Amino acid sequence: MSITIHPIGTIRTPYKEKFAIPRQPGLAKSAMGEISFSKECNDPNYLRGIEQFSHLWLLFHFHQTADKGHTPLVRPPRLGGNHKLGVFATRSTFRPNAMGMSVVEFAGVSYQNKQLILTVRGIDLLDGTPILDIKPYVPYADSIPNASGGMAQHSPELMAVIFSEQANKQVQKFAPNYPQLHSLILEVLSQDPRPAYHQNSHPDKTYGMTLYDLNIQWQVIEQQNVVLTIQKM
Ligand code: SAH
Numbered sequence: 035m036s037i038t039i040h041p042i043g044t045i046r047t048p049y050k051e052k053f054a055i056p057r058q059p060g061l062a063k064s065a066m067g068e069i070s071f072s073k074e075c076n077d078p079n080y081l082r083g084i085e086q087f088s089h090l091w092l093l094f095h096f097h098q099t100a101d102k103g104h105t106p107l108v109r110p111p112r113l114g115g116n117h118k119l120g121v122f123a124t125r126s127t128f129r130p131n132a133m134g135m136s137v138v139e140f141a142g143v144s145y146q147n148k149q150l151i152l153t154v155r156g157i158d159l160l161d162g163t164p165i166l167d168i169k170p171y172v173p174y175a176d177s178i179p180n181a182s183g184g185m186a187q188h189s190p191e192l193m194a195v196i197f198s199e200q201a202n203k204q205v206q207k208f209a210p211n212y213p214q215l216h217s218l219i220l221e222v223l224s225q226d227p228r229p230a231y232h233q234n235s236h237p238d239k240t241y242g243m244t245l246y247d248l249n250i251q252w253q254v255i256e257q258q259n260v261v262l263t264i265q266k267m
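Per the working numbering, the sequence shown runs over residues 35 to 267.
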């Protein structure tokens, strides 16, 4: 059987590349996303009452990696890339149907110039990700406080992040046009985006990531992420 799915919209996010996107939603609370609805769903009635819910489920398509296919076993980054688990025992992006799901915070709805937009916070989605469905998060059913989370029982340990004098000046310069830029950089880097195999090697490497149209460079010095520069690309 084959099923045809039409995305209900597309999300705009600060994450222009996969590198450095946190591994789950909520880890970088300052990451805002704006969902623009497709022609078919571009009607405010589709969202009537949604503001009653503080959190929403987004179902989406891992569009950037969907053509890479899948294998039964994957190496979750949480296990340092050294152990394999069945793909259905992980949240890997490389899966049959390439479907993702994220709980995000509701941040607002607008309808301007005849375009319906839903704003959400705490996202882990790449810019341009097709959104397949949106559902309210229902705490009594969706939250299971005593559930066991296997290898991902707790959120990852955070790394300290400091800004060089230059980076501090640059972040202040950009702040008016990039709301919450300082906290976004801090939250993203505290997740330690380096690949697991870099963590005990490559000591002097300068890393770079893209947020919005900004290139952010940092180095790991004595277990701390030191932001060196923030530059417009
Ligand atoms: N919360 C989701 C995603 C987990 S995997 C779920 O559990 O299904 C998280 C990773 O997905 C991020 O680190 C990012 O690199 C990747 N990702 C986000 N959007 C993507 C997209 N559109 N295509 C491919 N990979 C994407």
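For glycine and all other residues, C-beta sits at the position ideal for the given N, C-alpha and C.
In this text, all values refer to a predicted model and were calculated from it rather than measured experimentally.
Provide the residue span of the alpha helix (DSSP H) that contains K207, from first to last. DSSP places K207 in the uninterrupted alpha helix (DSSP H) bounded by E199 to F208.
Please name the residue, chosen from A201, M133, Y212 and V137, that lies closest to W269 on a Cα-to-Cα basis. It is not possible to answer for residue 269, since the shown part of the chain is limited to 35 through 267.
Would the beta-carbon of L159 be found less than 7 Å away from any heavy atom of the ligand SAH? Flag set: Cβ of L159 near the ligand SAH.
Using 10 angstroms around the beta-carbon of F96, count the other beta-carbons present and answer buried if the total reaches 16, otherwise exposed. By the neighbour-count criterion, in which a residue is buried when 16 or more other Cβ atoms sit within 10 angstroms of its Cβ, F96 is buried.
Exposure of D158, with buried meaning 16 or more beta-carbon neighbours within 10 Å: Classification of D158: buried, given that the 10 Å Cβ count is 16 or more.
Can you list, in chain order, the stretches of the beta strand (DSSP E) that have 3 or more residues and sit fully within the stretch 164-240? Those beta strand (DSSP E) runs which fall completely within the stretch 164-240 and span 3+ residues are 164-170 and 194-197.
Within 10 Å of its beta-carbon, does P23 have 16 or more other beta-carbons around it, so buried, or fewer, so exposed? Residue 23 lies beyond the range of the chain shown here (35 to 267); nothing can be said about it.
beta-carbon M135 near the ligand SAH non-hydrogen atom, thresh 7 Å: Because some heavy atom of the ligand SAH lies under 7 Å away, the Cβ of M135 counts as near it: yes.
Is DSSP giving K266 helix, strand or coil here? DSSP places K266 within a strand segment (E or B) once states are collapsed to three.
Which same chain residues, not among the five before or five after K118, have their C-beta less than 8 Å away from its C-beta? Contacts found: L107, V108 and R109.
Near R129, which residues of its chain fall below 6 Å by C-beta distance, leaving aside the five closest residues on each side in sequence? Excluding positions up to five away in sequence, the list reads H104 and V121.
Who are the near neighbours of K50 in its chain, counting only those whose CB is closer than 7 Å to its CB and skipping five residues on each side? Within the same chain, K50 has close Cβ partners D161 and T244.
Our contact map puts M193 next to D226 with C-beta atoms below 8 Å; I'd like the distance itself, whole angstroms only. About 5 Å separates the Cβ atoms of M193 and D226, confirming a contact at the 8 Å cut-off.
Could you check the C-alpha separation between G242 and Q253 for me, to the nearest Å? Our two residues, G242 and Q253, have alpha carbons roughly 9 Å apart in a direct line.
For N234 and Q146, what's the separation of their Cα atoms in angstroms? For the pair N234 and Q146, the Cα-to-Cα distance works out to about 50 Å.
How is F53 classed by DSSP in three states: helix, strand or coil? Residue state, collapsed to three classes: coil.
In chain order, what residues of the same chain have a beta carbon less than 7 Å from the beta carbon of Y171, not counting five sequence neighbours either side? Cβ within range, chain order: F87, H89, L90, W91 and V137.
Host beta strand (DSSP E) of F140 (start-end): Judged by DSSP secondary structure, F140 falls within the beta strand (DSSP E) whose first and last residues are M133 to Q146.
State yes or no: is the C-beta of Q187 nearer than 7 Å to some heavy atom of the ligand SAH? No, the beta carbon of Q187 sits no closer than 7 Å to any heavy atom of the ligand SAH.
Once DSSP output is grouped into helix, strand and coil, what is the label at F122? Secondary structure of F122 (DSSP, three-state): helix.
Would you mind giving the Cβ-Cβ distance between I264 and V205, rounded to the nearest angstrom? I have them listed as a contact below 8 Å. In this structure, I264 and V205 form a Cβ contact; the two beta carbons are roughly 6 Å apart against a cut-off of 8 Å.
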